[in-house]
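Before any comments, here is the structure.
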Amino acid sequence: MTLQEVLERLPVTSIAYDSRAVTPGAVFVAIRGEHADGVRFAPQAIAKGALAVVAEASPPAGTSVPWVQVSNARDALAALSAAFYRNPTDDLALVGI
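Position 10 of the sequence shown, counted from 1, bears residue number 18 in our numbering, the numbering being contiguous throughout.
Here's what the structure looks like:
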């Protein structure tokens, strides 16, 4: 499944990169940090109602939700957020003074 397919096929209500902020219907983006890897928190996100997980790592065996493996989770978060919020920068006007 691709990022676009996640948005088209699942009833996504939000996007979260912090497992503590996941609500039912969220897509959880597991970001690898300096001290922790977000993949560690995927089970908690799924238990809280995440519909899908986006991560750089491959899915662990027995994962119960769609898992989208990407090369860069931060870039995926940006692209997913832009698409989910219907590319709000397309409607911004730029004024130079």
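Quick reminder that beta carbons are idealized off the backbone N, C-alpha and C, glycines included. No experiment lies behind these values; they were computed from the predicted model shown.
Check your understanding: Which value, in whole angstroms, describes the spacing of the CA atoms of E16 and A91?
Key -> If you take the alpha carbons of E16 and A91, they lie about 10 Å apart.
Exercise for review: Can you say whether L102 is buried or exposed, counting buried as having 16 or more other CB atoms within 10 angstroms of its CB?
Suggested key: exposed
**Study point:** 8 Å contact criterion, which A63 and Q77 should meet: CB distance rounded
**Key:** Going by Cβ atoms, the distance from A63 to Q77 rounds to 7 Å, so yes, they are a contact pair.
Point to revise | From V61, G41 and T10, residue whose alpha carbon lies closest to that of P32 | key: V61
**Study point:** Cβ-Cβ distance between A50 and P68 below 9 Å
**Key:** yes
Practice item. Would you tell me roughly how many angstroms separate the C-alpha atoms of D99 and S89, rounded to the nearest one? Key: 15 Å
Review point. Alpha carbon to alpha carbon, what distance is there between V20 and A29?
Key: 14 Å
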